[in-house]
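Novice: I have a structure here, written as structure tokens, and I will follow up with some questions on it.
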Amino acid sequence: MLTTRISRISAGTACLVAALAGAVVSSAAADGADTAGEAPTFREFEAATYVDVDGAYVVNGDEVVSTRAGLRAFYDRMVGLPFGNHDRDTHDADLVVNTVGGVDDKWSSATAANLTYCVSTRFGSRHAVVAAAMSAGAGLWEAASSRVNFVHVTSQDGSCNVRNNSVVFSVEPVSTSQYIARAFFPSTSKRQRNVLIDDSIWSSGNWEPGDILGHELGHVLGFRHEHTRPEAGACFEDNNWRPLTPYDAASIMHYPQCNGSSSDLEFQASDAAGLRALYGS
Ligand SMILES: [Zn+2]
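Dropping the structure here:
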């Protein structure tokens with residue numbers, strides 16, 4: 002049963018997150034019974050959380066938390082907020098932006114217009130197709146707003162890692178069974194600002210590489226998973242987000258396996274509208 006909810010973008014951690022959220026969901030949605038005892042302790046949660054190559058914790062399938070203190074805060078939010086107990090009226094509002102301390106997690110207008118990145122030459126023979134897929138994913142968002150522009154700085158591809166200060170972020174290969182790709186948010190510290198891509202991106206069925214990277218670049222722009230909204234009824238994450246447009250179960254930011262209405266992870270008009278709502282047109 003749970004395996005049907007395992008993300009194809011990320012396996013293990015999404016499974017854990019789904020299991021934790023599921024326990025809370027059933028307590029709130031089913032009969033209101035007190036099931037606080039079902040949640041794992043922080044030690045259990047930490048022990049079960051995937052730690053990435055750079056030492057970052059991976060949560061919600063394909064997002065990073067940089068520090069143990071950050072993971073603790075993430076855990077506290079998860080166990081402290083029962084599903085459905087949303088303070089804000091979110092029912093009329095789609096794409097959602099991450100918030101940190103109640104403030105939108107977004108780039109300055111100057112950085113949004115010049116989101117530079119490199120594509121590591123460590124992709125080897127795949128380098129050109131990775132660069133093309135990144136360009137395709139970036140193009141989805143760029144076509145929606147003149148304020149957002151991703152720039153591939155090819156001269157940095159030979160030293161493409163999180164320590165390269167000539168680019169905003171790096172795109173690097175990873176070998177993992179935990180996810181297909183993962184990204185970061187604008188508030189993520191520079192040392193963990195990379196998009197990591199596993200070879201499984203080339204064998205992901207009807208999820209095209211350009212769309213998978215479009216989803217990851219949605220996180221890079223500050224967007225959360227659409228399925229954390231109460232309307233999804235599955236895969237709730239937390240309440241640290243602000244709605245930008247009406248709920249769309251087909252959003253590129255909505256995992257299809259979380260009660261999504263689209264199986265192909267394609268970019269929607271609602272995603273374009275959400276981008277313009279946050280960054281302007
Ligand atoms: Zn994601």
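In the working numbering, the protein residues as written are 2 to 282. Note that the Cβ used here is the ideal one computed from N, Cα and C, for glycine as well. In this text, all values refer to a predicted model and were calculated from it rather than measured experimentally.
1) Hey, is Ala184 close to ligand 1, as in C-beta under 8 Å from one of its heavy atoms?
2) From this set, Val169, Ser156 and Leu141, which residue's C-alpha is nearest Arg277's C-alpha?
3) Go through its chain and collect everything with a Cβ distance to Phe75's Cβ below 7 Å, but skip five positions before and after it.
4) What separation, rounded to the nearest whole angstrom, lies between the Cα atoms of Gln269 and Thr68?
5) Starting from Tyr118, follow its DSSP beta bridges and name the residues at the other end.
6) Within its chain, find whatever has a CB closer than 7 Å to the CB of Ser201; leave out the 5 residues flanking it on each side and keep chain order.
7) May I have the straight-line CA-CA distance separating Val175 from Asp239, to the nearest angstrom?
8) How is Leu279 classed by DSSP in three states: helix, strand or coil?
9) Distance, Cα to Cα, Ala49 vs Gly56?
10) Looking only at C-alpha atoms, which of Ala70, Gln157, Phe170 and Ser136 sits nearest to Thr112?
11) Residues in its own chain within less than 6 Å of Met1 by CB, not counting five upstream and five downstream?
12) Under DSSP, the beta strand (DSSP E) around Leu197 begins and ends at which residues?
13) Do you know whose CA, among Leu222, Gly234 and Asn260, lies nearest Leu96's CA?
14) Can you tell me where the beta strand (DSSP E) with Thr100 in it begins and where it stops?
15) Based on Cα-Cα distance, which residue from Asn162, Phe186, Leu197 and Ala132 lies nearest to Gly211?
16) Looking at chain B, is there any beta carbon in it that lies within less than 9 Å of the beta carbon of Val97?
17) Please classify Ala134: is it buried, with 16 or more other beta-carbons within 10 angstroms of its beta-carbon, or exposed?
18) Alpha carbons only, please: which of Gly71, Asp53, Val54 and Asp63 is nearest the one belonging to Phe43?
19) Applying the 10 Å Cβ sphere with the 16-neighbour rule, what's the burial state of Val130?
20) Just the Cα atoms here: how many angstroms apart are Phe185 and Glu64?
21) Do Ser252 and Asp265 have their C-beta atoms within less than 9 Å of each other?
22) Using CA atoms only, rank isn't needed, just tell me which of Arg194, Ala145 and Glu143 is closest to Arg164.
23) Starting from Trp242, follow the beta strand (DSSP E) in both directions and report where the run begins and ends.
24) Is any non-hydrogen atom of ligand 1 found closer than 8 Å to the C-beta of Met135, if you look at the structure I gave you?
25) Whole angstroms is fine: what's the gap from Asp158's alpha carbon to Tyr248's?
Specialist: Checking against the coordinates, here is how it stands:
1) Yes; taking the cut-off as 8 Å, the Cβ of Ala184 has a heavy atom of ligand 1 nearer than that.
2) Of all alpha-carbon atoms in Val169, Ser156 and Leu141, the one lying nearest the alpha-carbon of Arg277 is that of Leu141.
3) The residues are Val60 and Val66.
4) Cα to Cα, the separation comes out at about 34 Å.
5) Partner(s): His153 and Phe170.
6) Excluding its 5 nearest sequence neighbours in each direction, Ser201 has C-beta neighbours in its own chain below 7 Å: Ile181, listed in chain order.
7) So the two alpha carbons sit approximately 27 Å from each other.
8) Reduced to three states, the DSSP call for Leu279 is helix.
9) About 14 Å.
10) It is Phe170.
11) Here the chain has residues from 2 to 282 only, and residue 1 is not among them.
12) Segment Asn195 to Ile198, the beta strand (DSSP E) holding Leu197.
13) When only C-alpha atoms are compared, the closest one is Leu222.
14) For Thr100, the uninterrupted beta strand (DSSP E) segment begins and ends at Val97 to Val101.
15) Nearest Cα to Gly211 within the set Asn162, Phe186, Leu197 and Ala132: Ala132.
16) Note that chain B does not occur in the displayed structure, where there is just one protein chain.
17) Per the 10 Å Cβ criterion, buried.
18) Nearest to Phe43 by C-alpha distance, out of Gly71, Asp53, Val54 and Asp63, is Gly71.
19) Classified as exposed, Val130 has fewer than 16 neighbouring CB atoms from the shown chains inside 10 Å of its CB.
20) When rounded, the distance between both Cα atoms is 6 Å.
21) A distance of 9 Å or more separates the beta carbons of Ser252 and Asp265.
22) Of the candidates Arg194, Ala145 and Glu143, Arg194 places its Cα closest to the Cα of Arg164.
23) Where Trp242 is concerned, the enclosing beta strand (DSSP E) stretches over Trp242 to Pro244.
24) Met135 Cβ: outside cutoff for every heavy atom of ligand 1.
25) About 38 Å.
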